[in-house]
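Numbered according to the working numbering, the sequence shown terminates at residue 378, and the numbering increases by one at each position without gaps.
Backbone N, C-alpha and C fix where the C-beta goes; we use that ideal spot for every residue, glycine too.
As structure tokens, the structure follows; a few thoughts come after it.
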Amino acid sequence: MGQPLRIGIVGVGAISGQYLSAFERLEAVRLVAVADLDAERAAAVAAEQGVRALTVDELVTDPEVDAVLNLTIPAAHADVALKAIAAGKDVYGEKPLAATTDDARAIVEAGRAAGVRVGCAPDTVLGTGVQTARKAVDDGLVGTPVAATATMVTPGHERWHPNPDFYYQPGGGPLLDMGPYYVTALVTLLGPVESVVGSASRARATRTIGSGPRAGEQVPVDVDTHVTGVLRHESGALSTLVMSFDAVATHASCIEVHGDQGSLVVPDPNGFDGTVELHRLGGGWEELPVSAGYRDAGRGYGLADLAATPPGATARANGDLAYHVLDVMTSLLTAAEKGTSVSVASTCERPAAVPLSDAPRV
Ligand SMILES: NC(=O)c1ccc[n+]([C@@H]2O[C@H](COP(=O)([O-])OP(=O)(O)OC[C@H]3O[C@@H](n4cnc5c(N)ncnc54)[C@H](O)[C@@H]3O)[C@@H](O)[C@H]2O)c1
17 MGQPLRIGIV GVGAISGQYL SAFERLEAVR LVAVADLDAE RAAAVAAEQG VRALTVDELV
77 TDPEVDAVLN LTIPAAHADV ALKAIAAGKD VYGEKPLAAT TDDARAIVEA GRAAGVRVGC
137 APDTVLGTGV QTARKAVDDG LVGTPVAATA TMVTPGHERW HPNPDFYYQP GGGPLLDMGP
197 YYVTALVTLL GPVESVVGSA SRARATRTIG SGPRAGEQVP VDVDTHVTGV LRHESGALST
257 LVMSFDAVAT HASCIEVHGD QGSLVVPDPN GFDGTVELHR LGGGWEELPV SAGYRDAGRG
317 YGLADLAATP PGATARANGD LAYHVLDVMT SLLTAAEKGT SVSVASTCER PAAVPLSDAP
377 RV
């Protein structure tokens, strides 16, 4: 067995707990240090985990840290990632890769120039849900894929989030917040996207905070809150996307894939597992057995997958994929604003399929 990748986390807020609990079952990674702008928070997590609390600058240059796990807020993703790359560390971060495509491109290019690895969430697509669906597509169970639909509707995160302001500011909105899960799954299933059309609207100028100390306070809405679009994949398949903070509920599947021989229901791409259903031409709905993906996966498996990727091969949850996904989403917002079709400048390799397995191993 090889040595685990030694990890330093920058940003130990809400999502860090999910990573820390997944690390307990991952031999490919080992936590060695944490840092946060909030030094008390870092110290508390460090004590709980039995590791060192450092400043961000100390952590990225620490000789025991091989890779920096960047769990800061989107506006800080680029600063932290570029610092880590400059110190010669691999980086893996939460989604989106950066708040803007310019920042995201800077990360990918700096990583390439430095010869370090860049990885990015979401890694939900490496779980058994999306991977079983992908295997069904690859095995030809739907025939030639012609189309997909992706639907995410909610009345808005301000109903439960005590500080929801950022969801309604540029960089937020339903597409940039939830789109990474859906668009990464669509690229995993059907390959990269070459062009987009779209249309978007916003139902209200303010939203009312529903919980916490600021309950009842209004927050301004500076982004479109209902975003629709069609993604034309390089394969010719068309994916129709609906991402909304303006709707109450839906019966629509999170994702469906349609081909000339069958239709597939894909489970929630913001989860790692779930049931895949197939309707063959002339048949009825049937549940497919789990046939691919990491079993019992959680946030952090994408980083472990990167750790386990042999030299010369490409990690699945990689920076080029995350950059393409961000490019597709920002191109869709441009298309909606201008009322035209927009070519997506970037492309990426469809990430390698995940055979059914327990966890990435070094
Ligand atoms: N909360 C969720 O349910 C959730 C789910 C999936 C993905 N994410 C993603 O995870 C990331 C973090 O979200 P969160 O909810 O944990 O946010 P959070 O605000 O709870 O935590 C972020 C932490 O990063 C620290 N931080 C911010 N800027 C920093 C900097 N420059 N240097 C060092 N530390 C810094 C903050 O002090 C805070 O402790 C985001 O990219 C988000 O999209 C969150």
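Nearest-angstrom Cα separation, counted from residue j out to residue i
i	j	result
Gln19	Thr165	42 Å
Pro371	Met345	29 Å
Glu293	Ala100	42 Å
Gly275	Val203	16 Å
His340	Pro208	8 Å
Asp334	Pro236	At residue 334 the sequence reads Asn, which differs from the Asp that was named. Those two C-alpha atoms are separated by around 34 Å.
Val134	Ser32	19 Å
Gly189	Thr222	13 Å
His242	Ala361	24 Å
Ala219	Thr88	30 Å
Leu349	Val96	26 Å
Glu174	Met194	15 Å
Glu210	Gln65	44 Å
Thr45	Ala324	Sequence check: residue 45 is Val here, not Thr. The alpha-carbon atoms of Val45 and Ala324 are separated by roughly 9 Å.
Ala268	Leu257	12 Å
Leu36	Trp176	24 Å
Arg366	Val158	18 Å
Arg41	Glu353	45 Å
Ser251	Val239	31 Å
Asp54	Leu75	14 Å
Ser217	Gly355	12 Å
Val132	Pro376	20 Å
Val330	His249	It is worth fixing the name first, because residue 330 is Thr in this sequence and not Val. For Thr330 and His249, the distance between alpha carbons rounds to 22 Å.
Ala30	Pro178	13 Å
Leu85	Asp343	22 Å
Glu125	Val72	22 Å
Thr291	Val26	34 Å
Ala265	Ala60	39 Å
Asp380	Glu43	No answer is possible for residue 380: it lies beyond the span of the chain, which begins at 17 and ends at 378.
Lys105	Thr117	22 Å
Cβ-based neighbour list, residue i, same chain, cut-off 7 Å, excluding 5 preceding and 5 following
i	result
His295	Gly278, Ser279 and Trp301
Val213	Gly245, Val246, Ala351 and Ser357
Ala62	Val50, Arg68 and Ala69
Glu56	none
Asp119	Ala94
Phe39	Val45, Leu47 and Gly316
Gly298	none
Ala58	Val28, Val50, Ala51, Asp52 and Ala69
Rounded Cβ spacing between residue i and residue j (contact assumed at less than 8 Å)
i	j	result
Thr140	Ala103	The Cβ separation is near 29 Å, so there is no contact.
Pro326	Tyr198	With a Cβ gap of about 30 Å, Pro326 and Tyr198 do not count as contacting.
Lys111	Pro196	4 Å
Ala263	Val169	4 Å
Ala83	Val107	7 Å
Ala338	Leu113	4 Å
Contacts around residue i, its chain only, beta-carbon distance under 8 Å, and the 5 residues preceding and following it disregarded
i	result
Ala308	Thr144, Gln147, Thr148, Arg150, Lys151, Ala369, Val370, Pro371 and Leu372
Val48	Arg22, Ile23, Gly24, Val67, Arg68, Asp78, Glu80 and Val81
Pro180	Gly172, His173, Glu174, Arg223, Ile225 and Val235
Leu142	Phe288, Gly309, Tyr310, Ala313, Tyr317, Gly318, Asp321, Arg332, Ala333 and Val370
Leu205	Val146, Ala149, Arg150, Val153, Pro161, Ala164, Ile271, Val273 and Val282
Distance cut-off 7 Å: residue i Cβ against heavy atoms of ligand 1
i	result
Ile123	no
Ala30	yes
Arg41	no
Gly27	yes
Val360	no
Leu87	yes
Glu110	yes
Arg57	yes
Val72	yes
Asp181	no
Asp54	yes
Ala51	yes
Val96	yes
Ala120	no
Ala92	yes
Contact with chain D by residue i, beta-carbon distance below 8 Å
i	result
Ala44	Considering every chain present, this structure includes no chain D. It has just one protein chain.
Same chain, Cβ closer than 6 Å to residue i, five either side skipped, listed in chain order
i	result
Arg121	none
Ala115	Pro90, Ala91 and Gly187
Ala130	Ile101
Ala231	Ile225
Val306	Thr144 and Thr148
Leu191	Val243, Met259 and Met345
Asp336	Cys364
Phe182	Gly188
At least 3 beta-carbon pairs within less than 8 Å: the region 313-326 vs the region 154-170: By the Cβ criterion, the region 313-326 is not in contact with the region 154-170, since fewer than three pairs of Cβ atoms, one from each stretch, lie closer than 8 Å.
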